[in-house]
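Converting from the sequence shown to my numbering requires adding 188 to each position, the first position being numbered 1.
So the structure is just underneath, and the comments pick up after that.
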Amino acid sequence: MKVKCNGCGKKYHVDDAKIPEGRRLEIPCPGCKTLIPVMKQATAPSQLPTRGQDLLDKIVNESKALPPMPEVMGRAREVMGDEKCGFNEIGAVIETDQALATRVLKIANSSYYALSVPVSTVKQAAAIMGCQAISDLITVVSTSKMLGKNLAGYNLTSRQIWEHSLACAYASRMIAEMKAPTLANDAFNAGLIHDSGLLMLDPFIGLLKQTFKKAMALSGTTFCDVEMKLFGFTHAQVAGLFFEKWKLPKIQTDAIGLHHTPKESDNPLAHIIHAGDAVAMRCMASSSPIVSQTIIHPETLSILSLTEKELEEVGTKAAQAVQSVTLSLA
Ligand SMILES: [Fe+2]
Ligand SMILES: [Fe+2]
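Set out below in structure tokens:
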């Protein structure tokens, strides 16, 4: 960008890449030291790529809808990855963050976990509940703020998206425990954040709200079909790519990316999250079409050999878990 000093009249070239969008800076003139105001206009939505790979790259690389992985989650994951990890180590990680420790203890003492004695320290809770259960709670608490946002474009409240995410996490873990126990932890994590792509796509849906509404009104159209038509990709793909940046295991990022289209892959976790997602929609009654599409692909039912009775039981337990966690964190 070219700028001119109002003091001495000299013209200079300033590197655009070094100027933040939408903020006014003052740079001293190298000649006479007069301050030269410099401002780069924020990119107007109309100048953004509107669909396809360019928009997908922009959202995944620049989205501020999701923060970097919460530090304590990263440290907890490292500690849990160490085979010698015990409840002292995991307790020590959480206790570095008192607000987090308090919230974890609140949930641990809730009726869902039905502990025989109330716990007052995270180490105690880890000793009774096991490190994995505590690690799940860290994930829940760390993501609660991130997922608890109103989505004006999709017309979803923070409560709807948070409850749906929690229900999917618990349902996916239960399905994995029954059908593929080694995937239980991956199922919980991936289930919790499977719909984070909605947060990142929401501002763009907001810009096209009327078109989105009209397309949604067509019978037999799912919101994934509409996303695909408007942008050329879905919220699932956005989230799958985004979480590669959090360095989540590939089995999780793939499953998140495929949670609406699991038959495109042989990743068993994609089928588990797909089933957990549908169970979550069944057990948390909602008027929003975004969180009330309850059909499970027949391939998923047969690959996981899931029965309707099992799905119903999982739904009942997942709803209890959600109620307990949301009451504890209220
Ligand atoms: Fe989804
Ligand atoms: Fe979902």
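For every residue, glycine included, the Cβ atom is placed at its ideal position computed from N, Cα and C.
Just so it is clear, the structure is predicted and the values come from calculations on it, not from any experiment.
How would the residue list near ligand 4 read, in chain order, if you kept each one whose beta-carbon is closer than 5 Å to any heavy atom? Among the ligands in the structure shown, ligand 4 does not appear; only ligand 1 and ligand 2 can be found there.
Per DSSP, cross-strand counterpart(s) of H201: Taking the sequence shown and counting its residues from 1, one reaches residue 201 at position 13. According to DSSP, H201 bridges with K190.
Run of the alpha helix (DSSP H) containing P456, from where it starts to where it stops: For the purposes of this step, residue 456 is taken as residue 268 along the sequence shown, with counting starting at 1. Counting along the chain, the alpha helix (DSSP H) containing P456 begins and ends at 456 to 471.
Any heavy atom of ligand 1 inside 7 Å of the beta-carbon of A424? Translated into positions along the sequence shown, residue 424 becomes position 236. Yes, Cβ of A424 sits closer than 7 Å to a heavy atom of ligand 1.
Straight-line CA distance for K190 to Y200? Here residue 190 refers to the residue found at position 2 of the sequence shown. Here residue 200 refers to the residue found at position 12 of the sequence shown. Looking at the two C-alpha atoms, the distance is approximately 6 Å.
Just to confirm, is the Cβ distance from G445 to R239 under 8 Å? Within the sequence shown, numbered from 1, the residue matching residue 445 stands at position 257. Within the sequence shown, numbered from 1, the residue matching residue 239 stands at position 51. Contact: no.
Look up P218 in the DSSP assignment and say whether it is helix, strand or coil. Walking along the sequence shown from the start, residue 218 turns up at place 30. Looking at P218 - three-state DSSP - the assignment turns out to be coil, as it is neither helix nor strand.
Given S251, which residues of its chain have a CB within under 6 Å of its CB, disregarding the five upstream and five downstream residues? Locating residue 251 in the sequence shown gives position 63, counting from the first residue. M388.
Which of the three DSSP states is assigned to I439 in this structure? Sequence index remark: in the sequence shown, residue 439 carries index 251 (1-based). The answer is helix: DSSP assigns I439 an H, G or I state.
Runs of alpha helix (DSSP H) lying entirely within the segment 376 to 409, each at least 4 residues, in chain order: 385 to 395, 397 to 405
Can you determine whether any heavy atom of ligand 1 sits closer than 7 Å to the C-beta of H485, and answer yes or no? In the sequence shown, counting from the first residue as 1, residue 485 sits at position 297. No, ligand 1 has no heavy atom inside 7 Å of this Cβ.
Note down, in chain order, each residue of its chain lying with its Cβ closer than 8 Å to the Cβ of D270, except the 5 sequence neighbours on either side. Position 82 of the sequence shown, counted from the first residue, corresponds to residue 270. Excluding positions up to five away in sequence, the list reads E277.
Which two residues bound the contiguous alpha helix (DSSP H) that contains D413? The residue labelled residue 413 in the question sits at position 225 within the sequence shown. Element bounds for D413: 411 to 419.
Reduced DSSP category for L213 - H, G, I as helix; E, B as strand; rest coil: Here residue 213 corresponds to residue number 25 of the sequence shown, with the count starting at 1. DSSP places L213 in strand when its eight states are reduced to three.
Thinking M472 and V510 are a contact (beta carbons under 8 Å), I'd like their distance in whole angstroms, please. Within the sequence shown, numbered from 1, the residue matching residue 472 stands at position 284. Within the sequence shown, numbered from 1, the residue matching residue 510 stands at position 322. About 7 Å; that satisfies the 8 Å criterion.
I need the straight-line Cα distance from K203 to C193, nearest angstrom please. Residue 203 sits at position 15 when you count from the first residue of the sequence shown. Residue 193 sits at position 5 when you count from the first residue of the sequence shown. The sequence shown places Asp at residue 203, not Lys. Those two C-alpha atoms are separated by around 16 Å.
Where L446 falls: helix, strand or coil (DSSP): Numbered from its first residue, the sequence shown carries residue 446 at position 258. Coil.
Does the distance between the C-beta of S448 and the nearest non-hydrogen atom of ligand 1 fall short of 7 Å? Mapped onto the sequence shown, residue 448 falls at position 260. Here residue 448 is His; the residue named in the question, Ser, does not match the sequence. H448: yes, Cβ under 7 Å from ligand 1.
Rounded to whole angstroms, what's the CA-CA distance from T284 to T222? Just pull it up for me. Within the sequence shown, residue 284 is the residue found at index 96, counting from 1. Within the sequence shown, residue 222 is the residue found at index 34, counting from 1. If I take the Cα positions, the gap works out to 48 Å.
Thinking just about the alpha-carbon of each residue, which of S330, L499, I460 is nearest to the one in R263? By one-based count along the sequence shown, residue 263 stands at place 75. That would be S330, whose Cα lies nearest to the Cα of R263.
Quick one: grab the DSSP three-state call for V305. Taking the sequence shown and counting its residues from 1, the one referred to as residue 305 is at position 117. It is coil, neither helix nor strand.
Look up L325 in the DSSP assignment and say whether it is helix, strand or coil. On the sequence shown, position 137 is the one that residue 325 refers to. Three-state DSSP puts L325 in a helix.
Are I349 and I282 touching if we call contact CB-CB under 8 Å? By 1-based counting over the sequence shown, the position of residue 349 is 161. By 1-based counting over the sequence shown, the position of residue 282 is 94. In this structure, I282 does not lie closer than 8 Å to I349 by Cβ.
Starting from the Cα of G428, find the closest Cα among L395, K397, P391, N377 and give me that residue. Within the sequence shown, residue 428 is the residue found at index 240, counting from 1. Comparing Cα positions, the closest option is N377.
Let me check one thing: in DSSP terms, what residues is P225 bridge-paired to? What you label residue 225 is simply residue 37 of the sequence shown in a count that begins at 1. DSSP lists E214 as partners of P225.
Leaving aside the five residues before and after T409 along the sequence, list all residues of the same chain whose C-beta is less than 8 Å from its C-beta, in chain order. To locate residue 409, count along the sequence shown from 1; it is residue 221. Correct list, in chain order: A403.
Exposed or buried, which one is G279 when buried takes at least 16 other CB atoms within 10 Å? Position 91 of the sequence shown, counted from the first residue, corresponds to residue 279. Burial call: buried.
Inter-residue Cα distance where the pair is C319 and A507: Taking the first residue of the sequence shown as position 1, residue 319 is located at position 131. Taking the first residue of the sequence shown as position 1, residue 507 is located at position 319. Cα to Cα, C319 sits roughly 23 Å from A507.
Quick check on L494: does DSSP put it in helix, strand or coil? By 1-based counting over the sequence shown, the position of residue 494 is 306. Coil.
Is T422 closer than 8 Å to E432 when the C-beta atoms are compared? As a working note, residue 432 is residue 244 in the sequence shown. As a working note, residue 422 is residue 234 in the sequence shown. The answer is no: Cβ separation not under 8 Å.
At the level of alpha carbons, what is the spacing between Y342 and I439? Indexing the sequence shown from 1 puts residue 342 at position 154. Indexing the sequence shown from 1 puts residue 439 at position 251. One C-alpha to the other measures close to 28 Å.
With distances taken from CA atoms, which of K206, A315, I381, A321 is nearest F430? Translated into positions along the sequence shown, residue 430 becomes position 242. Considering only alpha carbons, the answer is I381.
Going along the chain, which residues of its own chain have a beta-carbon closer than 7 Å to the beta-carbon of A355, five neighbours each way excluded? Walking along the sequence shown from the start, residue 355 turns up at place 167. The answer, listed in chain order, is A468, C471, M472, A506, A507, V510.
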